[in-house]
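Engineer:
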Amino acid sequence: MGAADKTIRIILGIIIIVGGFYYKSWWGLVGLIPLLTAFISWCPLYAPFGISTCRKK
Numbered sequence: 755m756g757a758a759d760k761t762i763r764i765i766l767g768i769i770i771i772v773g774g775f776y777y778k779s780w781w782g783l784v785g786l787i788p789l790l791t792a793f794i795s796w797c798p799l800y801a802p803f804g805i806s807t808c809r810k811k
């Protein structure tokens with residue numbers, strides 16, 4: 755997972771969590787998914803499709 759992908763996932767995750775708190779909704783927990791995938795640097799949906807956002811060496 756590339757740096758830009760991680761950054762987008764972290765920002766999106768935080769926005770979803772904050773939105774969940776603001777609207778007092780359990781849907782804010784969905785924001786944990788992009789945060790978790792950003793911190794472990796692996797997305798389970800990328801594997802079956804062979805997608806990689808890392809720069810090629």
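Residue numbers for the sequence shown follow this note's numbering, so the first one is 755 and each next one is one higher. The beta carbon of each residue, even a glycine, is placed where N, CA and C say it ideally should be. These figures come from a predicted structure and were not determined experimentally.
Beta-carbon within less than 6 angstroms of G785's beta-carbon, same chain only, minus the 5 sequence neighbours each way: which residues are those?
Structural biologist: Excluding sequence neighbours, G785 sits near G767, I770, I771.
Engineer: Where does the unbroken alpha helix (DSSP H) through Y836 begin, and where does it stop?
Structural biologist: It is not possible to answer for residue 836, since the shown part of the chain is limited to 755 through 811.
Engineer: Quick check on A801: buried or exposed, where buried means 16 or more other Cβ atoms within 10 Å of its Cβ?
Structural biologist: Exposed, because fewer than 16 other Cβ atoms sit within 10 Å of the Cβ of A801.
Engineer: Cα separation between I787 and L799?
Structural biologist: If I take the Cα positions, the gap works out to 12 angstroms.
Engineer: By DSSP, does T807 sit in helix, in strand, or in coil?
Structural biologist: In this structure, T807 counts as coil in the three-state DSSP scheme.
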